[in-house]
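Chains A and S, in that order, give the protein sequences. To convert, note that position 120 of the first sequence is 119 in numbering that gives the first Met the number 0; the numbers rise steadily by one, no gaps. To convert, note that position 479 of the second sequence is 478 in numbering that gives the first Met the number 0; the numbers rise steadily by one, no gaps. Encoded as structure tokens, the structure appears first; notes follow it.
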Amino acid sequence: MTISSTAEKVWWKEPLERTELIWIVIALIWCLIMFFMMPYWHIYGQQNLANEAYRAKPEDFAAKTEEMIAKYKVREEGGDLKVPVVRPPAGSDVYMIARLWSWYPMLELESGKSYRIHLMSMDWLHGFSLQPENINIQVHPGYEHVLTVTPTNPGTYAIICNEYCGINHHTMASRLYVVKGGQ
Amino acid sequence: MAVNRMFRTCPSSGLMFHEPAEKLMRWNAVAAVVSLLIGGILAIGVVLTRWQAVHILPPDMFYQVLTAHGLNMLVFWIIFFEIAVLYFASSTLLKSRLATPRLAWAGFWLMVIGAVVNNYAVFRGDSSVMFTSYAPMGAHPTFYLGLILFAVGALVACFVFFGTLVVARAERTYRNSVPLVTFGAITAAIIAVFTIAAGAIILIPTFLWSVGLVEHIDSLMYRTIWWAFGHSSQQINVSAHVAVWYAIAAIVFGAKPMSEKVSRTAFLLYIFFLQLASAHHLLADPGLTSNWKIFNTSYAMYLAVLASMVHGLTVPGAIEVAQRKKGYVNGLFEWLRKAPWGNPSFSAMFISLIGFGFLGGISGVMMGTEQLNLIIHNTIYVPGHFHATVVVGTTLAFMGLTYFLIPVLFRREIAFPTMAKWQPYVFGLGMSAVSLFLMGAGTLGVPRRHWDMGFAGNPFPYEFPGAAWLMMGIAGVTGVVAIVGGGMYLLITVWSVFLGRKIVTPGFQHVRAKDNVAKAAPAVAPAGGAAVLTGHGSGGMIAPGTFVLALVFLTSFVLYYFINWKYLSTVWPLK
């Protein structure tokens, strides 16, 4: 039976057939193009993850967050929940806590301005998912991840959690406001 | 202890089965199908909950069912079946006795115990941690213990496989180099060994952590090492199902690879480059540099992707050559049109090949590209991708092989032959649609592993676009179709094996093979076929039709790749 027929002892010296040879060359070139696209985008593209991250203690991160909220809080939302909404100045360091099961605080940013957003979890893994932009980033406990983002269009965005984090995972959602820059 | 050297020759296939090996293959196959049955029942709960119009399960049960579904399908069904394939590819294809059958049984029972213990942990209700069980979310200790026992059993089976290769060589049961299918199985087994090693490195400390002996498990370390286990285990599947594709091509068409060199080298590339690929699960994680991510995810210039693209050409290419030799030489595609589309082994294999390549392969490269991952990570695009690779790819290929194994291994006729004819289409096309629509919904941001995309009870709900709801609904409907297809497979398999008509062979007996006698026919004529076959092709190619199909594949790949970059360029600048 063909299935159990053996190969020549020295199978690596067989001649190459043309169909296969041409395909291998094409596939290899395509793989090289895909490889070079990633460094290319780091140089010329706008959407790249930073390599900036620090080990941090949850209590220190929470303290920095509270400090920022005290400085820049503009209002509260969510009725009894009293979720603070913070409007930090452009270019500043902005802290956001992920925890079971909320994002804290809520941010109000200006379009066209850049912000250094620090993300960290207080407990388990969470997934920062900005909708409808569909930017998705893993959030770890103990690792402070710094991203420089520049919101483009004004509007109300949502941040949902897309890393499974227990029974109320589906209730972990918040808002992010973008207002017109330069007002 | 006397060595059992009893063999039987299968009258319909001519294959030689070693008595203990045959029994082990049967039991592993049965354990696989039982796992598939459990996982399939759980799939109903998953599908009918994520289909929001139905939404039958409460959240706690949904996460529990989803965890058990993942484990039974991805781990227990597939690995039990792979062990059967390993024994088939070593003992049967090499006409050799299986090394140390007793150890093989010990491995089998360890795997069974491990699977039962792990399922017990999940059904307790305090281990709904998903297949990935990311620390610091903790499960009951028996959750990790079950997985560890299962992995040790699988490792024992791998070494029985390697031992059988040694026995076959020492007892000279074959000449020259092992058959290609065996070569692919060796690839799978080698990958399995370092996969299980990575699993041990992370699961053993996590188990100790769950019983309080280790204080802290770092979440990034966990994800990094866990994926060296979790992703590589999918590469065992890829190697195994590519080997099964070659096997079915050989069984149905008598097809031989166009060149052994190309196919074998492609398998070798898997061994060298797949392990690094696990880094693509960490592209959106902090604490790892872009250099690390790019080097590892490009699998050192995508050499593993290259290997899959090569297999994608050589498997249908081998079929085309075999068909052209039989006289189907008209045009580019007569060989394909005249293929036995009513033979479930073939149709399953071919849908598996196309689905794995077009849906699973292309989407996998998207997710594995550092920047593109940002718009895909943890969305339901990911389950869409792996239902194309591991379900349409691996599971369907294994289903195709089952239709061959039931008569030769279990000596029963296939029950419900008409249903069997349709089964690969119902299951394969249903599951392909699931994959496609989940990917579509993922592109619109729908999260994976999520009970309620309507965010009920949340003060700040997000309203997904209508298209996302529609696609999740269609994925639900087609998911039900796929479950029906899976049910057909289970019905046919179980009925055939236990109640099917026996294939009686007059004068059947196991024959004792003496040490050197197991070798059957002398080696086949040297494979100098390539030059002779050229006459059947066109344009100087022996497989022009396959080449055209490959170009269609490449075109879709390139287009979709750049569409994703275009989409990425529209989201918020980020650095």
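In this text, a Cβ means the ideal position worked out from N, Cα and C, and glycines have one as well. Quick caveat: nothing in here was measured; it's all calculated off a predicted structure.
Separation of residue j from residue i, as counted between CA atoms
i	j	result
S/V53	S/L47	6 Å
S/G444	S/V32	34 Å
S/L490	A/V93	58 Å
A/H125	S/V391	30 Å
S/F16	S/M5	9 Å
S/A303	S/F385	17 Å
S/Q234	S/P543	29 Å
A/V177	A/N133	16 Å
S/A239	S/A153	14 Å
S/A191	S/C157	8 Å
S/A242	S/A83	13 Å
S/I318	A/S120	53 Å
A/K179	A/N47	24 Å
A/I166	S/D125	11 Å
S/N175	S/P572	58 Å
S/W340	S/A184	27 Å
A/N135	S/Y133	18 Å
S/A522	S/S297	Unreliable positioning characterises S/A522 in this predicted model, as indicated by a pLDDT of 39, which lies under 50. The coordinate reading is nonetheless provided below. Spanning the two alpha carbons is a distance of roughly 41 Å.
S/L146	S/S232	13 Å
S/L268	S/L395	24 Å
A/E19	S/V309	8 Å
A/L129	A/L175	9 Å
S/A20	S/Y86	7 Å
S/H509	S/R7	5 Å
S/G478	S/L352	20 Å
S/G601	S/A42	Lying outside 0 to 574, the shown extent of chain S, residue 601 of chain S is not represented and no answer is given.
A/I21	S/Y424	32 Å
A/H139	S/L437	26 Å
S/V237	S/A246	14 Å
S/V2	S/A105	17 Å
A/E162	S/L553	33 Å
S/L532	S/M540	Here the model assigns S/L532 a pLDDT of 42, short of 50, so the residue's position is not dependable, and the following value carries that caveat. When rounded, the distance between both Cα atoms is 9 Å.
A/S4	S/A306	23 Å
A/I195	S/T368	In the structure displayed, chain A extends from 0 to 182; residue 195 of chain A sits before or after that span and is not available.
S/N290	S/N563	22 Å
S/G39	A/I23	39 Å
S/K518	S/T181	With a pLDDT of only 47 at S/K518, under 50, the local geometry of the prediction cannot be trusted, and no value is derived from it.
A/K63	A/H117	10 Å
S/A283	S/Y566	18 Å
A/I2	S/P178	7 Å
A/K8	S/Y173	11 Å
S/P382	S/A276	18 Å
Contact test: residue i Cβ vs the ligand FAD heavy atom, cutoff 7 Å
i	result
S/P572	The model depicted lacks the ligand FAD and carries no ligand whatsoever.
Per DSSP, the bridge partner or partners of residue i
i	result
A/V178	A/E109
A/C160	A/F127
A/Q137	A/G126
A/G154	A/V177
A/V82	A/E76
S/A467	S/A467 pairs with nothing; no bridge assigned.
A/I96	A/Y103 and A/M119
S/K501	S/R411
S/R446	Strictly speaking, residue 446 of chain S in this sequence is Pro, with Arg absent from that position. For S/P446, which the question treats as bridged, DSSP gives the partners S/T378.
Notebook entry, point to check: Listed in chain order, which residues of the region 36 to 64 of chain A have Cβ atoms closer than 9 Å to some Cβ of chain S?
Noted result: M36, M37, P38, W40, H41, G44, Q45, Q46, N47, L48, A49, N50, E51, A52, Y53 and R54
Notebook entry, point to check: At what residue ranges does the region 34 to 78 of chain A contain a whole run of the alpha helix (DSSP H), taking only runs of 4 or more?
Noted result: 57 to 71
Item checked: 4-residue-minimum alpha helix (DSSP H) runs that sit fully inside the region 177 to 223 of chain S, ordered along the chain -> Runs found: 179 to 209.
Item checked: Segment contact, 8 Å Cβ cut-off, at least three pairs: the region 252 to 262 of chain S with the region 194 to 214 of chain S -> No, the region 252 to 262 of chain S is not in contact with the region 194 to 214 of chain S.
Next item on the list: Indicate whether the contact test is met: 3 or more Cβ pairs, each with one atom in the region 63 to 73 of chain A and one in the region 392 to 408 of chain S, closer than 8 Å.
Entry: no
Note to self: Any contact between the region 155 to 162 of chain A and the region 434 to 454 of chain S? By contact I mean 3 or more CB pairs, one from each, below 8 Å.
What the structure shows: yes
Notebook entry, point to check: If we count Cβ pairs, one from each stretch, closer than 8 Å, do we get three or more for the region 309 to 329 of chain S versus the region 556 to 571 of chain S?
Noted result: no
Check: Taking a cut of 9 Å between CB atoms, which residues from the region 353 to 366 of chain S lie near chain A?
Finding: V364
Next item on the list: Using a Cβ-Cβ cut-off of less than 7 Å, list which residues of the region 308 to 331 of chain S approach chain A; keep chain order.
Entry: M308, V309, L312, T313 and G316
Check: For the region 66 to 99 of chain S, which residues have a beta carbon sitting closer than 9 Å to at least one beta carbon of chain A?
Finding: T91, L92, L93 and K94
Next item on the list: Check distances from the C-beta atoms of the region 228 to 250 of chain S to those of chain A and list, in chain order, the residues that come in under 7 Å.
Entry: A246, A249 and I250
Note to self: Can you pull out the residues from the region 128 to 143 of chain A whose beta carbon lies closer than 9 Å to at least one beta carbon of chain S?
What the structure shows: Correct list: S128, L129, Q130, P131, E132, N133, I134, N135, I136, Q137, V138, H139, P140, G141, Y142 and E143.
Next item on the list: Name, going along the chain, the residues of the region 166 to 181 of chain A whose beta-carbon falls closer than 7 Å to a beta-carbon of chain S.
Entry: Cβ contacts with chain S: I166, H168, H169, T170, A172, S173 and R174.
Next item on the list: Count the CB pairs spanning the region 61 to 77 of chain S and the region 112 to 129 of chain S that are closer than 8 Å, and state whether there are at least three.
Entry: yes
Check: Between the region 107 to 115 of chain A and the region 80 to 94 of chain A, are three or more C-beta pairs nearer than 8 Å?
Finding: yes
Margin query: If the cut-off is 9 Å on Cβ atoms, which residues from the region 121 to 155 of chain S count as contacting chain A, listed in chain order?
Written below: Answer set for the region 121 to 155 of chain S: S127, V128, M129, T131, Y133, A134, P135 and M136.
Next item on the list: Entirely within the region 326 to 358 of chain S and at least 4 residues each: give me those alpha helix (DSSP H) ranges in chain order.
Entry: You should have 333 to 336 and 343 to 353.
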